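Residue numbers (my numbering), protein chains in the order written: chain R, 474 to 585; chain C, 793 to 905. Heads up, the beta-carbon is just placed ideally off N, CA and C, and yes, glycines get one too. Please read these numbers as outputs of a predicted model, since none were measured by experiment. Remarks on the structure that follows.
Here it is, written out as structure tokens:
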């Protein structure tokens, strides 16, 4: 029984570069969520998919951010023209729709 | 927007002591979740609560969904060193297609052996 996996676990990039993160949810879960967590804070919601449909986006998700879940399985989160303020832990969670959301280990992004 | 007030912000206790932490909100939720997070890792789900007044246990952990739907607490009994970590409450209001979780800022627990 595998949980949610995320790759890479760590990413260091220079300001202005594009980065892409991948999330593989628990296999039978049709819902997938992205959150962002900065130091000393709880996770903040970014966006949510049910199957391949993106159903909700936070205003935190600026136009430099895009998320996809093309086949309703794995998802990618891309950040274009990264800024230092994008440095954070990016967390993915999945759910079968019963309320519980199960998180992956996260991708730690550092923008220099 | 929705905010959760989680307290205390940090706790320093001796091994074997009981711990209590709580979360309050200005908004109602229909689900409360409690997570534990270790440094550099994602949050791990501890307990999920779905009904107002519900009291649920998971080993040494007990959590309750407040009757007003605006609060929840988590108790840990007979703490052990591996209980160290940051505990987060999260509320969910499934409404209008939204399923997002709103998190508190966490309670950092330190257990002295």
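Hey, does residue i have any beta-carbon neighbour from chain C nearer than 7 Å?
i, result
"residue 577 (chain R)", "yes"
"residue 528 (chain R)", "yes"
"residue 564 (chain R)", "yes"
"residue 518 (chain R)", "yes"
Quick one: list the residues of chain R neighbouring residue i, beta-carbon separation under 9 Å, in chain order.
i, result
"residue 884 (chain C)", "572, 574"
List the residues of chain B that residue i touches, going by C-beta distances under 8 Å, in chain order.
i, result
"residue 897 (chain C)", "Looking at the structure shown, chain B is missing, and the protein chains on hand are R and C."
For residue i, go through chain C and note every residue whose CB falls closer than 7 Å to its CB, in chain order.
i, result
"residue 488 (chain R)", "Those do not exist, as residue 488 (chain R) stays about 23 Å from chain C at its closest Cβ, beyond 7 Å."
Could you tell me whether the Cβ of residue i comes closer than 7 Å to any Cβ of chain R?
i, result
"residue 890 (chain C)", "yes"
"residue 779 (chain C)", "Absent from the structure is residue 779 (chain C), since the part of chain C shown begins at 793 and ends at 905."
"residue 823 (chain C)", "yes"
"residue 808 (chain C)", "no"
"residue 837 (chain C)", "yes"
"residue 834 (chain C)", "yes"
"residue 804 (chain C)", "no"
"residue 840 (chain C)", "yes"
"residue 857 (chain C)", "no"
Mind checking whether residue i and residue j have CB atoms under 7 Å apart?
i, j, result
"residue 816 (chain C)", "residue 863 (chain C)", "yes"
"residue 821 (chain C)", "residue 852 (chain C)", "no"
"residue 506 (chain R)", "residue 566 (chain R)", "yes"
"residue 415 (chain R)", "residue 545 (chain R)", "Past the boundaries of the shown model lies residue 415 (chain R); chain R is included only from 474 to 585, so the question cannot be answered."
"residue 493 (chain R)", "residue 541 (chain R)", "no"
"residue 562 (chain R)", "residue 581 (chain R)", "yes"
Residues of chain R with a CB under 7 Å from the CB of residue i: which are they?
i, result
"residue 893 (chain C)", "518, 574"
Can you pull the chain C residues whose beta carbon is under 8 Å from the beta carbon of residue i, in chain order?
i, result
"residue 504 (chain R)", "891"
Practice task
Assess, as a yes-or-no matter, whether the stretch 814 to 833 of chain C is touched by the stretch 878 to 887 of chain C under the definition of 3 or more beta carbon pairs within less than 8 Å.
Solution key: Enough Cβ pairs lie closer than 8 Å, so yes.
Exercise for the section: Any chance you could list the beta strand (DSSP E) runs of at least 3 consecutive residues sitting entirely within the stretch 505 to 575 of chain R, in chain order? Expected result: Taken in chain order, the whole beta strand (DSSP E) runs of length 3 or more contained in the stretch 505 to 575 of chain R are 517 to 523, 526 to 530, 538 to 541, 548 to 552, 561 to 568.
Handout entry: Continuous beta strand (DSSP E) assignments of at least 3 residues falling wholly in the stretch 797 to 865 of chain C
Key = 802 to 806, 811 to 817, 823 to 829, 836 to 841, 847 to 850, 853 to 857
Practice task
Would you check if the stretch 511 to 521 of chain R and the stretch 486 to 500 of chain R touch, i.e. whether three or more CB-CB distances between them fall below 8 Å?
Solution key: no
Problem - Three or more C-beta pairs below 8 Å linking the stretch 801 to 809 of chain C and the stretch 865 to 872 of chain C - result: yes
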